[in-house]
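**Q** Sequential numbering of the sequence shown, starting at 3, is according to my numbering.
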Amino acid sequence: MNGTIAVYPGTFDPITRGHEDLVRRAAEMFDRVIVGVAESRSKRPFFETDERVDMAREILAPYANVEVRGFSCLLMDFLETCDARIIVRGLRAVSDFEYEFQMAGMNRSLRADVETVFLTPADQYMFISATMVREIASLGGDVSKFVQPSVLARISAKLAAMSGGN
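(1) Short of 7 Å in beta carbon distance, which residues of its chain neighbour residue 58, apart from the five on each side in sequence? Order them along the chain.
(2) Tell me which residues share the same chain as residue 28 and place their Cβ nearer than 7 Å to its Cβ, disregarding the 5 neighbours each side in the sequence.
(3) Please classify residue 64 as buried or exposed, where buried requires at least 16 other C-beta atoms within 10 Å of its C-beta.
(4) Taking C-alpha atoms, which residue in 110, 141, 147 and 43 lies nearest to residue 126?
(5) Cutting at 8 Å between CB atoms, please list the residues of its own chain near residue 45, excluding the five before and the five after it.
(6) Are there 16 or more other CB atoms within 10 angstroms of the CB of residue 67, so buried, or fewer, so exposed?
(7) Would DSSP call residue 101 helix, strand or coil?
(8) May I ask you to report which of helix, strand or coil DSSP gives residue 117?
(9) Taking Cβ to Cβ, would you say residue 23 is nearer than 8 Å to residue 139?
(10) Measuring straight from C-alpha to C-alpha, what distance separates residue 3 and residue 97?
(11) Spatial neighbours of residue 145 within its chain, please: CB distance less than 8 Å, with the 5 preceding and 5 following residues excluded, ordered by chain position.
(12) Residue 87 and residue 81 look like a contact to me (Cβ under 8 Å); what is the Cβ gap, rounded to whole Å?
(13) I'd like the list of long-range same chain contacts for residue 152, defined as Cβ closer than 8 Å, with 5 residues on each side in sequence excluded.
(14) Any chance the CB of residue 38 is under 7 Å from a heavy atom of the ligand ZN?
(15) Let me make sure I understand the geometry here. Which of 159, 31 and 129 has the alpha-carbon closest to that of residue 142?
(16) How would you write the range of the beta strand (DSSP E) that residue 11 sits in, first residue to last?
(17) Kindly identify the DSSP beta-bridge partner or partners of residue 40.
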């Protein structure tokens, strides 16, 4: 693919090994991958947007053709600023499909030249979600196999600060 730019949007709250797996594979498929870290208006984020951007940049630094940017606009507007027309989305389970299919159709109705490419994570990451990682961690569970060590350290620090421990 010559000069193809793909955008992988999400809240990445926090970035998981599943996200990283999808970025790695997208980076092999496209010339450039822009990971768009969305400001979360409907969800109350665990990490602020700038923290999520920092974590994603740190984790994805080994991938030369991957760039991380935060955004707070409509995804179609973000694609325009990135000069991209491909959206990468992950599908973990059948339950993701209906929502993602609906979003792909809506995105195409907003901008006809946009295509959505669905990738499934490797088997060991199939059931990881950032929401589950946050919930398990907040209840004292071990999430070390779901996130990189630097992300785990940030989760631990955030939970300690929230409980008044630091």
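Beta carbons are placed, not taken as given, at the ideal position from N, Cα and C, and that holds for glycine.
The structure displayed is predicted, hence computed values, not measured ones.
**A** In short, the structure shows the following:
(1) Taking the first residue of the sequence shown as position 1, residue 58 is located at position 56. So the qualifying residues of the chain are 14, 17, 37, 39 and 70.
(2) As a working mapping, residue 28 is identified with position 26 in the sequence shown. 8, 10, 35, 90 and 121, listed in sequence order.
(3) Taking the sequence shown and counting its residues from 1, the one referred to as residue 64 is at position 62. Exposed.
(4) For the purposes of this step, residue 126 is taken as the residue at position 124 of the sequence shown. Ranking 110, 141, 147 and 43 by Cα distance to residue 126 puts 147 first.
(5) Taking the sequence shown and counting its residues from 1, one reaches residue 45 at position 43. Cβ within range, chain order: 13 and 15.
(6) Sequence index remark: in the sequence shown, residue 67 carries index 65 (1-based). Result: exposed.
(7) Here residue 101 is taken as the residue at index 99 of the sequence shown, counted from 1. Residue state, collapsed to three classes: helix.
(8) Position 115 of the sequence shown, counted from the first residue, corresponds to residue 117. Of the three classes helix, strand and coil, the one that applies to residue 117 here is strand, per DSSP.
(9) On the sequence shown, residue 23 is found 21 positions in, with the first residue counted as 1. On the sequence shown, residue 139 is found 137 positions in, with the first residue counted as 1. Not closer than 8 Å, so no.
(10) Within the sequence shown, numbered from 1, the residue matching residue 3 stands at position 1. Within the sequence shown, numbered from 1, the residue matching residue 97 stands at position 95. Confidence is the limiting factor: at residue 3 the pLDDT is only 43, short of 50, which leaves the residue's position unreliable, though a coordinate-based value still follows. Each residue's Cα considered, the two are about 31 Å apart.
(11) By one-based count along the sequence shown, residue 145 stands at place 143. Closer than 8 Å at Cβ, skipping near neighbours: 135, 138, 139, 154 and 157.
(12) Working through the sequence shown from its first residue, we reach residue 87 at position 85. Working through the sequence shown from its first residue, we reach residue 81 at position 79. With 8 Å as the limit, residue 87 and residue 81 qualify as a contact, their Cβ atoms being about 7 Å apart.
(13) By one-based count along the sequence shown, residue 152 stands at place 150. Cβ neighbours of residue 152 beyond the five flanking positions: 57, 60 and 61.
(14) The ligand ZN is absent from the structure shown, which contains no ligands of any kind.
(15) The residue labelled residue 142 in the question sits at position 140 within the sequence shown. It is 159 whose Cα lies nearest to the Cα of residue 142.
(16) As a working note, residue 11 is residue 9 in the sequence shown. Taken as a continuous stretch (DSSP letters only), the beta strand (DSSP E) holding residue 11 covers 7-12.
(17) For the purposes of this step, residue 40 is identified with residue 38 of the sequence shown, where counting begins at 1. According to DSSP, which records beta bridges pairwise, residue 40 is partnered with 73.
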